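Residue numbers (the numbering used here): 15 to 386.
All C-beta atoms in this analysis are idealised placements derived from N, C-alpha and C, irrespective of residue type, glycine included.
Note that this is a predicted model, so its numbers are computed, not measured.
These notes concern the structure reproduced below.
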Amino acid sequence: MATVTYDQATRVYPGSEKPAVDKLDIEIEDGEFLVLVGPSGCGKSTSLRMLAGLEDVNGGSIRIGDRDVTHLPPKDRDIAMVFQNYALYPHMTVADNMGFALKIAGVPKPEIRQKVEDAAKILDLTEYLGRKPKALSGGQRQRVAMGRAIVREPQVFLMDEPLSNLDAKLRVQTRTQIAGLQRRLGITTVYVTHDQVEAMTMGDRVAVLKDGLLQQVDTPRRMYDRPANLFVAGFIGSPAMNLVEVPIADGGVKFGNSVVPVEREALATAADKGDTTVTVGVRPEHFGLANGDGTAVSKDEPAGIAVTVNVVEELGADGYIYGSAKVGGREHDIVVRVPGREVPEKGSVVHVVPRGGETHVFSTSTGERLSD
Ligand SMILES: Nc1ncnc2c1ncn2[C@@H]1O[C@H](COP(=O)(O)OP(=O)(O)OP(=O)(O)O)[C@@H](O)[C@H]1O
Ligand SMILES: [Mg+2]
């Protein structure tokens with residue numbers, strides 16, 4: 015087992031001026047499950063491949079434990095990688111597929127068999143060891159690919175979108191299995207996905223990348239509760255956080271009919287930059303419904319904005335309304351979570367206000383978080 019350190023690690027592809035990964039700094043703890051997430055092309059695979067030794071590092075360094083591996087060949091790094099297309103050998107049995115790397119390394123046959131059987135037990139593959147990959151389901155093949163990595167007992171697992179070939183239901187099952195397995199084995203793991211739900215449910219910590227730049231590394235809870243900037247705020251969470259640009263008012267921000275109190279320091283910082291507006295973020299579950307006539311429900315919750323309901327999504331326990339509202343002089347799409355038994359009708363107008371203390375304030379000009 016080992017820690018993994020990206021220290022200002024940079025990758026510039028030949029023929030490109032802009033780094034695909036720009037001065038990446040992450041310290042991954044021993045045994046940690048770290049997820050790299052971000053939109054397509056943000057540099058996730060490149061970051062992983064730099065750690066694997068499949069991509070040159072053009073600046074900075076990468077360490078596994080105390081070893082500087084920046085310029086070591088892949089085979090000397092003591093890592094095992096699971097790719098998106100698991101690339102199983104079709105003519106080999108599951109057992110041979112799983113043991114192949116050990117065979118190449120010259121490990122004695124009985125030892126290989128023992129390791130393959132142990133891994134098969136962990137992965138629930140024992141009864142399939144004699145089969146060829148084509149006689150397996152997608153999920154089973156995925157587990158064989160995992161098995162191939164496990165038998166090598168590496169210091170670090172690297173996984174690049176290993177679930178993207180599976181259908182939605184199997185993906186949910188398998189992500190729980192992988193996360194559980196990783197916890198049991200305790201092997202430091204770096205896992206790449208573009209799916210923020212997968213990132214949030216699997217990772218001990220999540221690292222969000224955009225355009226080759228690290229935006230934030232945090233636990234899923236912290237990432238959700240305290241996104242560091244507008245990009246992370248909009249990227250993490252489903253349905254996404256409502257983000258609206260609103261004028262700064264005395265003691266707060268003007269949110270429709272109401273002045274919603276926000277931290278003074280946040281507004282002072284915005285004013286220092288010369289901004290007259292801030293961008294306020296409210297998660298769908300952090301809106302409260304005001305009374306029908308728009309009066310306050312309580313003193314703490316002044317009446318806010320009038321949302322015209324365009325689409326209603328009923329999920330049983332709760333529901334989401336997708337509507338539009340005029341805030342800060344502009345029409346905005348607004349998503350509000352409501353209790354399952356109080357879902358308003360399509361076409362109706364509801365008045366909503368952000369619950370006290372549940373707003374996020376960002377600089378409109380720089381996107382950085384201003385509130386605590
Ligand atoms: N071999 C290469 N040569 C030149 N540019 C590359 C190469 N591989 C990737 N890139 C570029 O580097 C950037 C990062 O690519 P990367 O594959 O790391 O993205 P990603 O986050 O894994 O995206 P996806 O979610 O689509 O897999 C992209 O702009 C991509 O076009
Ligand atoms: Mg990729």
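Reference residue i; option with closest CA among the options
i    : options                : result
V26  : G226, K340, T293, V352 : G226
G144 : R278, A163, G113       : G113
D228 : T17, A16, D21          : Just to set this straight, residue 228 is Leu in the shown sequence, not Asp. Among T17, A16, D21, the Cα nearest to that of L228 is on D21.
E175 : V363, K360, V51, G330  : V51
V18  : K340, V170, R383, G343 : V170
V204 : D332, E382, P234, R63  : R63
T290 : E299, R198, F376, G330 : F376
F97  : L177, T107, V165       : L177
Y103 : R155, D232, R219, F47  : R155
E31  : L384, N72, S54         : N72
L244 : P168, S151, V363, G295 : G295
V292 : S379, V83, D82         : S379
G200 : N99, L48, E382         : L48
D44  : V206, R383, T202, K340 : T202
L38  : E46, P28, A16, R77     : R77
A193 : D218, L180, K183       : D218
A101 : G79, A119, V121, G152  : G152
F269 : I164, R166, E345       : E345
G371 : A115, R240, A282       : R240
A133 : M106, Q187, Q196, S75  : Q196
M160 : V274, I136, V260       : I136
R162 : T84, A115, L281        : A115
G330 : V341, K340, R355, A339 : R355
V350 : V274, V367, A16        : V367
R166 : Q187, A119, K146       : A119
Distance cut-off 6 Å: residue i Cβ against heavy atoms of ligand 1
i    : result
T207 : no
T19  : no
A66  : no
G416 : Since the first residue of the chain shown is 15 and the last is 386, residue 416 is not available in this structure.
A23  : no
A221 : no
A134 : no
A34  : yes
Y27  : yes
Neighbourhood of residue i by C-beta, 6 Å cutoff - its chain only, sequence neighbours within 5 removed
i    : result
G337 : V321, T322, V323, N324, I348
G306 : Any reading at G306 needs caution, since the residue's pLDDT is 49, under 50, leaving its predicted position unreliable; the model's value is listed next. Excluding residues within five positions, none has a Cβ falling inside 6 Å.
Q230 : V222, A242, V246
E41  : T19
R185 : L177
R369 : H300, G302
Own chain residues within Cβ distance below 8 Å of residue i, not counting five before or after
i    : result
S252 : Q210, V211
D138 : R157
A285 : I262
H208 : V51, G52, P53, S54, K58, E175
Q66  : Note that residue 66 is Ala in the sequence shown, not Gln. Correct list, in chain order: P88, R91, I93, M95, L172.
L150 : V108, Y142, V158
G29  : none
V326 : G333, Y334, I335, Y336, V357, P358, E359, K360
Proximal residues to residue i (C-beta, below 7 Å), its chain only, five neighbours per side dropped
i    : result
G248 : A254, M255, L257
G343 : none
R189 : L177, E212, T215, M216
D264 : none
V35  : A23, T24, R25, G57, T60, S61, M64, G226
V276 : G266, V267, T373, V375, S385
K117 : I126
P234 : M214, G217, V220
L68  : P88
D82  : S75
L86  : G67
Residue i Cβ short of 6 Å to ligand 2 heavy atom set
i   : result
K58 : yes
Distance cut-off 6 Å: residue i Cβ against heavy atoms of ligand 4
i    : result
L199 : Absent from the structure shown: ligand 4. Ligands present: ligand 1 and ligand 2.
Starting from the N-terminal side, write out each stretch of the alpha helix (DSSP H) that is 4 residues or longer and does not extend beyond the segment 150 to 227.
Segments of the alpha helix (DSSP H) lying fully in the segment 150 to 227: 152 to 164, 182 to 199, 210 to 216.
Alpha helix (DSSP H) segments (min. 4 residues) lying fully within the segment 256 to 316
Fully contained in the segment 256 to 316 are the following alpha helix (DSSP H) runs of length 4 or more, in chain order: 278 to 286.
Beta strand (DSSP E) segments (min. 3 residues) lying fully within the segment 25 to 112:
For the segment 25 to 112, whole beta strand (DSSP E) runs of length 3 or above, ordered along the chain, are 35 to 42, 47 to 51, 73 to 78, 93 to 96.
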